[in-house]
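Input: a single structure, listed below in structure tokens.
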Amino acid sequence: MPADVFSHQRGVFAEHLTAGAMNLPTTITELMKELRRVYIDAEERGEVLDEKFIESAPESLDHLLAEIAGAAASYQHIDIKTFLLKTKAMLIKMDHKVQLSRNQASIYQHLASIGVPKSIHCVTLNLAEEYLVNAIARTSLPLPEHSYRLTNANYLHIVIITDNILAASVAISSTVKSSKEPGKFVFHIVTDKKTSSAMHAWFSLNSVFPAVVEVKGLHQFDWPPYASARVMVTVEEVHQGLMAYREYSGGDEDYRRLEGLSPNSFLLLNYLRIHLPELFPNLKRVILLDDDVVVQRDLTPLWDLDLNDNIIGAVGLEHNRESHCPGPMLGHYFNFSNSLLPSELEQDQCAWLGGMNIFDLEAWSRTNITATFQQMLRLNRESGFLLWRLGWLPPAIIAFNSKVHPIDPSWQLPGLGQQLPAPETLKTSAVLHFSGPRKPWLEIGFPELRNLWMNHLNHSDEFLTSCRVV
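Numbering-wise, the sequence shown is residues 9 to 478 according to the numbering used here.
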């Protein structure tokens with residue numbers, strides 16, 4: 009509000025207030041002192057305004073002035089306390105409206121970020137139908153003559169766990185285009201049962217040769233009893249967590265409502281990343297890519313990286329005191345006021361990033377990392393979900409603690425679903441990670457960044473054009 013307008017309205021306050029009341033201050037200074045005294049006195053007595061009183065409060069400052077003017081014109085008595093309570097009720101009412109508007113905006117944006125666009129849903133349905141009617145869409149993946157590559161250590165094995173067909177396609181296409189020897193790459197896609205046929209049809213009809221792709225639904229894994237039992241512990245814990253979260257009524261209700269709306273919060277596919285050794289028992293090493301990435305550089309040097317006896321390689325850990333965290337600190341994820349958190353975690357410690365990680369599966373299999381992850385999931389559920397924000401990464405940070413090898417930050421640029429990066433880092437980063445709500449396949453994605461993703465789609469593909477993806 010401009011200073012001259014505020015000064016005028018403040019004068020109107022005093023004029024109407026003193027005109028309709030007896031023995032009240034006649035100057036602004038005296039009026040403010042008296043208002044402050046009455047306010048402090050009410051606070052010390054712990055007076056709480058009734059909800060009905062708040063609802064009946066004036067809608068704005070102009071309405072409050074009009075009410076005072078009306079009372080003054082009819083020679084009604086206006087005391088300081090009544091005026092103060094009406095003003096306070098008006099401010100609370102206005103604040104409620106602002107908070108409601110913000111919550112609605114947050115919910116609408118959140119729904120836009122987690123919803124599946126009609127165009128992508130259309131593609132999935134059409135591909136599922138194509139799988140049923142077209143023998144080519146059911147072609148073996150990979151072809152029998154290339155199946156030996158699936159467990160051959162001489163090839164680079166990239167794992168993508170997703171139910172998003174086009175996201176997986178872009179991640180794979182960009183990796184192949186950026187590689188010097190694409191024939192060395194083997195892509196392992198793990199998906200759910202409802203998406204597996206459509207995913208299979210897409211990659212049968214859209215070959216990435218000389219690289220090869222394997223598509224496997226969770227229902228197609230044939231685990232030995234010990235591995236199946238271990239996986240079922242996680243499946244059951246995620247299920248129990250979902251049930252408990254729906255019943256839980258604590259913490260920040262607005263944040264919980266948004267968090268609970270997200271299908272990723274309890275999406276089983278996300279949590280099954282902790283079972284890479286069970287999913288791929290015949291592989292010694294894998295690179296795990298999230299489905300919301302675009303690869304701009306050959307990943308071969310990453311594959312050859314020495315992890316120095318660690319289990320995972322990740323961007324995010326700071327190299328020295330002067331450098332800044334490429335991503336969030338642990339304080340972003342964890343509630344450090346809770347004593348149940350492991351004492352070795354520090355609030356200002358850099359958190360390693362997901363999106364692109366390399367794992368030593370052989371070394372992992374000899375640890376209790378998976379059991380620790382499952383234990384922390386249970387602990388967070390039993391605490392009423394007070395230890396960390398929902399998701400796979402927080403318990404993974406705890407489970408892999410002290411077993412993470414830092415990767416140079418130039419390998420990954422995170423946060424492209426949250427903010428626009430500096431142009432120079434956009435060009436030089438090996439992997440662009442669209443972490444955040446504004447995914448590149450959504451209308452709310454940044455237009456400047458969506459093209460980087462869309463460029464890896466075939467704009468003449470019949471499925472994409474008929475469903476208006478491109």
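Backbone N, C-alpha and C define an ideal beta-carbon position, used for all residues, glycine too.
Report the option in the options whose CA atom is closest to the CA atom of residue i.
i           : options            : result
residue 216 : 229, 195, 224      : 195
residue 189 : 201, 173, 164      : 164
residue 289 : 334, 333, 105, 367 : 367
residue 68  : 102, 301, 134, 58  : 102
residue 70  : 198, 99, 232       : 99
residue 159 : 357, 292, 181, 184 : 292
residue 433 : 378, 374, 392, 304 : 304
residue 171 : 186, 145, 206, 140 : 206
residue 91  : 110, 61, 106       : 61
residue 379 : 425, 242, 277      : 242
residue 199 : 179, 226, 180, 222 : 226
residue 180 : 300, 358, 135, 236 : 300
residue 177 : 313, 161, 63, 197  : 197
Secondary structure at residue i, three-state DSSP: helix, strand or coil?
i           : result
residue 130 : helix
residue 103 : helix
residue 368 : strand
residue 252 : helix
residue 247 : helix
residue 266 : Below a pLDDT of 50, predicted positions are generally treated as unreliable, and residue 266, at 47, falls in that range; no measurement from the model is reported.
residue 332 : coil
residue 222 : strand
residue 232 : coil
residue 440 : strand
residue 297 : strand
residue 209 : helix
residue 414 : strand
residue 381 : helix
residue 322 : strand
residue 37  : helix
residue 408 : coil
residue 216 : coil
residue 184 : helix
residue 396 : strand
residue 375 : coil
residue 199 : strand
residue 421 : strand
residue 288 : coil
residue 361 : coil
residue 344 : coil
residue 164 : strand
residue 141 : helix
residue 302 : strand
residue 124 : coil
residue 478 : coil
For residue i, which residues from the same chain have a beta carbon less than 7 Å from its beta carbon, with the 5 sequence-adjacent residues on both sides left out?
i           : result
residue 249 : 274, 385, 389
residue 362 : 298, 401
residue 418 : 436, 437, 438
residue 463 : none
residue 310 : 295, 366, 419
residue 65  : 94, 97, 98, 101
residue 396 : 341, 342, 343, 388, 402
residue 422 : 334, 335, 361, 363, 441, 443
residue 144 : 212, 213
Can you give me the Cβ contacts of residue i inside the same chain, cut-off strictly under 8 Å, excluding the 5 residues immediately before and after it?
i           : result
residue 519 : Past the boundaries of the shown model lies residue 519; the chain is included only from 9 to 478, so the question cannot be answered.
residue 352 : 409, 410
residue 355 : 337, 338, 339, 342, 344
residue 412 : 318, 319, 320, 321, 322, 325, 360
residue 479 : With the chain covering only 9 through 478, there is no way to say anything about residue 479.
residue 428 : 454, 456, 457
residue 31  : At residue 31, the pLDDT of 48 sits below 50, so the modelled position is not reliable; the number obtained from the coordinates is stated separately. Hits under 8 Å: none found.
residue 426 : 443, 444, 445, 446
Got a sec? Which residues, its chain only, sit under 6 Å from residue i by beta carbon, not counting five neighbours each side?
i           : result
residue 371 : 319
residue 191 : 218
residue 13  : With a pLDDT of 44 at residue 13, under the threshold of 50, the predicted position of this residue should be treated as unreliable, and no value is reported.
residue 468 : none
residue 239 : 283, 286
residue 220 : 150, 154, 157, 194
residue 252 : 389
I'd like to confirm something about residue i: is its beta-carbon nearer than 7 Å to some heavy atom of the ligand COA, or not?
i           : result
residue 212 : For the structure depicted, the ligand COA is absent and the ligand set is empty, with no information on it obtainable.
Would residue i count as contacting chain E if we go by Cβ distances under 8 Å?
i           : result
residue 145 : Among the chains in the structure shown there is no chain E, since it carries only a single protein chain.
Note to self: Would the segment 301 to 320 count as touching the segment 201 to 221 if we require 3 or more Cβ pairs under 8 Å?
What the structure shows: no
Check: Would you call the segment 146 to 153 and the segment 277 to 286 touching, i.e. three or more CB-CB distances under 8 Å?
Finding: no
Note to self: Taking contact to mean 3 or more Cβ pairs, one atom from each stretch, closer than 8 Å, check whether the segment 448 to 455 and the segment 333 to 352 are in contact.
What the structure shows: no
Next item on the list: Write down every uninterrupted run of the alpha helix (DSSP H) in the segment 440 to 470 whose length is 4 residues or greater and which is fully enclosed by it, in chain order.
Entry: 455 to 462
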